[in-house]
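A.B. asks: Numbering (the UniProt record's numbering), first residue to last: 538 to 816.
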Amino acid sequence: AKDGGRDRAHAFDQAMLDQLNRRIAVIERLKAAVRDQKIQLHYQPQHRLSDGCLIGFEALARWNDEDLGTVGPDVFIPIAEQTGLIVDLGEQILRNACTDAHGWFKMLGSEAPVVSVNISPVQFARTDVSRSIANVLAETGLPAQLLEIEVTEGVLISEKSRVATTLTELSTMGVSIALDDFGTGYSSLSYLKALPLNRLKIDRSFISDLAKDTESPIVSTVIQLGHNLNLQVIAEGVETDTQVDRLIESGCDEGQGYYYGRPMPLAEVNTYVAGCAAT
Ligand code: C2E
Ligand code: CA
Ligand code: CA
Ligand code: CA
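1. Using only the alpha-carbon positions, how far apart do L704 and D550 sit?
2. What are the start and end residues of the beta strand (DSSP E) that includes Y580?
3. Taking C-beta to C-beta, are G593 and S653 nearer than 8 angstroms?
4. Cβ of D717 within 7 angstroms of any heavy atom in ligand 3?
5. I'd like to know if the region 771-782 and the region 733-743 are in contact, where contact means that at least 3 CB-CB pairs between them fall below 8 angstroms.
6. Given a cut-off of 8 angstroms on the beta-carbon distance, is the pair L803 and D602 in contact?
7. Return the chain-ordered list of same chain residues with a C-beta closer than 6 angstroms to the C-beta of T677, the five sequence neighbours on each side being excluded.
8. Cβ-heavy atom distance between N595 and ligand 2 below 7 angstroms?
9. Does the beta carbon of Y723 fall short of 7 angstroms from some heavy atom of ligand 1?
10. Restricting to Cα atoms, I'd like to know which of N655, A649, E648 and K643 is closest to I623.
11. Can you list, in chain order, the residues of its chain whose CB lies under 8 angstroms from that of Q556, leaving out five sequence neighbours each side?
12. Does DSSP put V712 in a helix, in a strand, or in coil?
13. Comparing C-alpha positions only, which one of F613, G589, W641 and L591 sits nearest to residue 826?
14. I need the straight-line Cα distance from F784 to H764, nearest angstrom please.
15. What number of angstroms, rounded off, separates the C-alpha of L586 from the C-alpha of D778?
16. Within its chain, find whatever has a CB closer than 7 angstroms to the CB of V608; leave out the 5 residues flanking it on each side and keep chain order.
17. If we ignore side chains and look at the alpha-carbon of each, how far apart do A569 and Q761 end up?
18. Please state the DSSP three-state secondary structure of Q574.
19. In or out: L554 buried (at least 16 other Cβ within 10 Å) or exposed?
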């Protein structure tokens, strides 16, 4: 029994060591990937619910490493945040997304889809977000009206006044601001009202509750709250036509999810946009 116990303890240490080594490997590879600009963007469509019109694309980071294989953003974004790599990575993502969206703008003019870029709380804490966005817009030629940033409620917890100043600067420039994953965080309602937000994104976890024949009082309440604050409301993680029906009944404005399309590489976006224009 004594030896068995020691084996278990040993196995536990080994598992922890494996995990640690894996993490160190990911950090090393991620450093190289950021340095060599290997992180790519995929784009997921966002549609108006009432008429199905395409209105924008969310930029989502993708990493396919030659050693580690595909690593999801749920894994590498937190590591990039913890190591500070998100500062360079976030800048690359912003520049690449605006460059791609400028291509859509050249094709379609002011009718072009808006690009939504996720900005990490760490970027707000460690960089001058409004200055780097102003620079990237000037460099790429993308009109500010075709850029939206997505911030999570987490960004509102720390340094509230600094974040509010930055968001106000961006809003004055014409950049839209969406509050991401709404309902999962801590934002106080008074603070919501004080910020220059344009959209609420209802978190996917609430949308998955919109099953057949089931009303979701939470979803309806969030939509009304958003409208009372003069915000557009978008649902994320929309997968079924039942969910679309429920969301339309509840007055939701827009939707994003597998029902409309999965995140796709830039090369597929043009075809997707053309298909939407034809219908
Ligand atoms: P998020 O910002 O909430 O992004 C939405 C996530 O939901 C994406 O996961 C998307 O692929 C997934 N999704 C979209 N529609 C559906 C659906 O109908 N059903 C289901 N089950 N899932 C759906 P993804 O791409 O794995 O990204 C995960 C998270 O990683 C993002 O959550 C975001 O927090 C973070 N992330 C991704 N790209 C970036 C980035 O460029 N910058 C920053 N700061 N964070 C990013
Ligand atoms: Ca997002
Ligand atoms: Ca989200
Ligand atoms: Ca989410």
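Glycine included, C-beta positions come from ideal geometry on N, C-alpha and C.
In this text, all values refer to a predicted model and were calculated from it rather than measured experimentally.
C.D. replies: Taking the coordinates as given:
1. Residue 704 sits at position 167 when you count from the first residue of the sequence shown. Residue 550 sits at position 13 when you count from the first residue of the sequence shown. Each residue's alpha carbon lies about 46 angstroms from the other.
2. For the purposes of this step, residue 580 is taken as residue 43 along the sequence shown, with counting starting at 1. Y580 -> beta strand (DSSP E) spans Q577 to R585.
3. If you number the sequence shown from 1, residue 593 lands on position 56. If you number the sequence shown from 1, residue 653 lands on position 116. Their beta carbons are under 8 angstroms apart, which means G593 touches S653 by this criterion.
4. Taking the sequence shown and counting its residues from 1, one reaches residue 717 at position 180. D717: yes, Cβ under 7 angstroms from ligand 3.
5. Counting Cβ pairs under 8 angstroms, three or more are found: they touch.
6. By 1-based counting over the sequence shown, the position of residue 803 is 266. By 1-based counting over the sequence shown, the position of residue 602 is 65. Taking 8 angstroms as the Cβ cut-off, L803 and D602 do not qualify as a contacting pair.
7. As a first step, residue 677 must be located in the sequence shown, where it is residue number 140. If we look at T677 and ignore the five residues flanking it on each side, its Cβ neighbours are C635, T636 and H639.
8. Translated into positions along the sequence shown, residue 595 becomes position 58. The sequence as given places Glu at residue 595; Asn does not occur at that position. Result yes, Cβ under 7 angstroms from ligand 2.
9. Here residue 723 is taken as the residue at index 186 of the sequence shown, counted from 1. It does not: the Cβ of Y723 is nowhere closer than 7 angstroms to a heavy atom of ligand 1.
10. Locating residue 623 in the sequence shown gives position 86, counting from the first residue. Per the Cα distances, N655.
11. Within the sequence shown, numbered from 1, the residue matching residue 556 stands at position 19. Taken in chain order, the list of residues that qualify is empty.
12. Taking the first residue of the sequence shown as position 1, residue 712 is located at position 175. Three-state result, V712: coil.
13. Past the boundaries of the shown model lies residue 826; the chain is included only from 538 to 816, so the question cannot be answered.
14. Locating residue 784 in the sequence shown gives position 247, where the first residue counts as 1. Locating residue 764 in the sequence shown gives position 227, where the first residue counts as 1. The amino acid occupying residue 784 in the given sequence is Leu; Phe does not appear at that position. Distance between L784 and H764, taken at the CA atoms: about 14 angstroms.
15. If you number the sequence shown from 1, residue 586 lands on position 49. If you number the sequence shown from 1, residue 778 lands on position 241. Looking at the two C-alpha atoms, the distance is approximately 11 angstroms.
16. Translated into positions along the sequence shown, residue 608 becomes position 71. These residues qualify, in order along the chain: V563, W600 and D602.
17. Numbered from its first residue, the sequence shown carries residue 569 at position 32. Numbered from its first residue, the sequence shown carries residue 761 at position 224. Computed Cα separation, rounded: 46 angstroms.
18. Here the question's residue 574 lines up with position 37 in the sequence shown. It is coil, neither helix nor strand.
19. What you label residue 554 is simply residue 17 of the sequence shown in a count that begins at 1. Exposed: under 16 other Cβ atoms inside 10 Å.
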